[in-house]
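FYI, the numbering for the sequence shown is 180 to 335, going by this note's numbering.
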Amino acid sequence: MAFNGFSTTFKKYLDVVGYHHVLMFLLLVPIVFLSVLVAGCSNSALINVYLISLSYATNITSSPLQDEHPAKLNPNMPGIFANLTTGARNNADSFEIRTGYLSHCLKQASGLWVCARDIQPLAKVISDQKTSNIDPLNLIYMSKAFKDRMVFSGLM
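Okay, structure coming up:
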């Protein structure tokens, strides 16, 4: 008897919920995810939401560039870059910069992340460190160039 009452109550409210309500709920999910993506890398709480991450590889044997492919004309190229960056960086700790829609985040040698909307404060953080030539391939500039040239509002 109680089940019959629930059934009629459910059918009564089912008529109130229209097709447009279902569509609004389905559109809510991508809007929330897009909002998080746009806010990514804006502070250290959202460092795991980013568009691109640039870093120096510590072990080139695990790199996808080590795979054999007929289009790869110089198979020694990953090793050349690894030797260049390893020698120039003087065994510095891991260096990583992440780029989001609105800002960049840089991983310091201590493991803390520093986020800024503009790239100059992050470059100052790197230049203030006492290690010489910590960014030999200019990953900071590459991150800035990616954000300036590739990221636009049409991607949203």
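Ideal Cβ placement from N, Cα and C applies to all residues, glycine included. Values in this document were obtained by computation on a predicted structure and should not be read as measured data.
{"Asked": "Where the beta strand (DSSP E) through Ser-234 begins and ends", "Found": "231 to 234"}
{"Asked": "Ala-295, DSSP secondary structure in three states", "Found": "strand"}
{"Asked": "Bounding residues of the beta strand (DSSP E) (the contiguous stretch that carries Ile-313)", "Found": "That residue, Ile-313, is in no beta strand (DSSP E); it is neither H nor E in DSSP."}
{"Asked": "Burial state of Ser-306 (16 or more Cβ within 10 Å)", "Found": "exposed"}
{"Asked": "Cα-Cα separation between Cys-220 and Met-203, rounded to whole angstroms", "Found": "28 angstroms"}
{"Asked": "Ile-210, DSSP secondary structure in three states", "Found": "helix"}
{"Asked": "Validate contact between the segment 193 to 202 and the segment 276 to 288 using beta carbons, cut 8 angstroms, 3 pairs", "Found": "no"}
{"Asked": "Exposure label - Phe-189; buried when at least 16 CB within 10 Å", "Found": "exposed"}
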